[in-house]
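Here the structure is laid out as structure tokens; the discussion comes afterwards.
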Amino acid sequence: TGDDPFGTPYRYADVRVAEADPTVAADRRVASRTAFDALGLRLVGGRWFTRDDREGMPLVAVINHAMALRLWNGRSAVGKRFIDGRRSRQVVGIVADVRTFGARREVKPAFYVPTTQTYPDPVLLVVRKRPGAAGVERLVAAELASVGARIEAGRPRPLATVWWRQLADARFLTIVVAV
């Protein structure tokens, strides 16, 4: 496991297309049906998770473009299956690549599994608010507190701050070159 820029752990997984194929290292992330929209991710093929993607149903995943290229060499990955450990998952969607670890780093293969088919621990809560909306942090904290004592909420951070920090190395190099 490691920490992503949001400060939450995620898991690495070795994935492959068939039992005999070599494995590809991929980032395994857990997401709700609404997380992609809240994060502003763009669907480039297939679909998002639905209510039907739940426990007891066939395992599904949304993968990033880098994983689609790596496992299927540019052929359509929607509807294809890959093996995550001992579990077979069907690709239902493909999202555009996100440079999670900075603008200059290579995009790694990644896949997202629905929260309704796994039990993440801990959970990163992403809340999208309207510009100018006030008191959202307080409302979220109160809602989390009402769920139970098992939830420990960290300090909220605006997504813009997280992305700004990720661009720090690129900004520094731009300033050096300009000088």
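The sequence shown runs 4 to 182 under the numbering used here.
All C-beta atoms in this analysis are idealised placements derived from N, C-alpha and C, irrespective of residue type, glycine included.
Bear in mind that the values here come from a model prediction, so they are computed numbers and not experimental data.
Identify which residue in the options has its Cα closest to the Cα of residue i.
i	options	result
valine 110	Asp100, Leu72, Thr121, Leu42	Asp100
arginine 131	Arg32, Asp40, Pro25, Asp24	Asp40
arginine 256	Ala145, Thr121, Leu142	Beyond the ends of the chain as shown, which are 4 and 182, falls residue 256; an answer cannot be given.
methionine 60	Arg92, Val139, Ala29, Pro134	Arg92
alanine 21	Leu142, Gly138, Arg45, Trp75	Trp75
arginine 54	Ser35, Glu146, Asn67, Arg141	Ser35
tryptophan 51	Thr118, Arg73, Ala28, Pro134	Thr118
alanine 58	Met70, Leu42, His68, Val116	Per the sequence presented here, residue 58 reads as glutamate, with alanine not at that position. Looking at the Cα atoms, Val116 is the closest of the given residues.
alanine 28	Leu42, Ala136, Ala69	Ala69
arginine 102	Pro134, Leu42, Val94	Leu42
valine 94	Thr37, Leu46, Ala145, Gly135	Leu46
Taking Cβ to Cβ, would you say residue i is nearer than 8 Å to residue j?
i	j	result
threonine 88	alanine 16	According to the sequence provided, residue 88 is glycine. The question's threonine does not apply to it. Result yes, Cβ atoms of glycine 88 and alanine 16 sit closer than 8 Å.
glycine 82	glycine 48	no
valine 63	valine 98	no
phenylalanine 85	arginine 31	no
threonine 26	valine 18	yes
Can you have a look at residue i and say buried or exposed, based on whether 16 or more other CB atoms are within 10 angstroms of its CB?
i	result
tryptophan 56	The sequence shown places aspartate at residue 56, rather than the tryptophan named in the question. Answer is buried; the Cβ neighbour count reaches 16.
aspartate 24	exposed
proline 112	buried
arginine 44	The amino acid at residue 44 is misidentified as arginine; the sequence shows leucine. Looking at its Cβ environment, which holds 16 or more other Cβ atoms inside 10 Å, leucine 44 is buried.
valine 139	exposed
alanine 71	buried
alanine 136	exposed
alanine 38	buried
alanine 145	exposed
Indicate, with yes or no, if the ligand GDP has a heavy atom lying under 7 Å from the CB of residue i.
i	result
threonine 37	As presented, the structure is devoid of all ligands, the ligand GDP included, so that no description of it is given.
So is residue i in contact with chain D if we call contact Cβ pairs under 8 Å?
i	result
aspartate 87	In the structure shown, chain D does not exist; there is a single protein chain.
Length at least 3, wholly inside the stretch 53-88: the beta strand (DSSP E) runs in chain order: 63-67, 84-87
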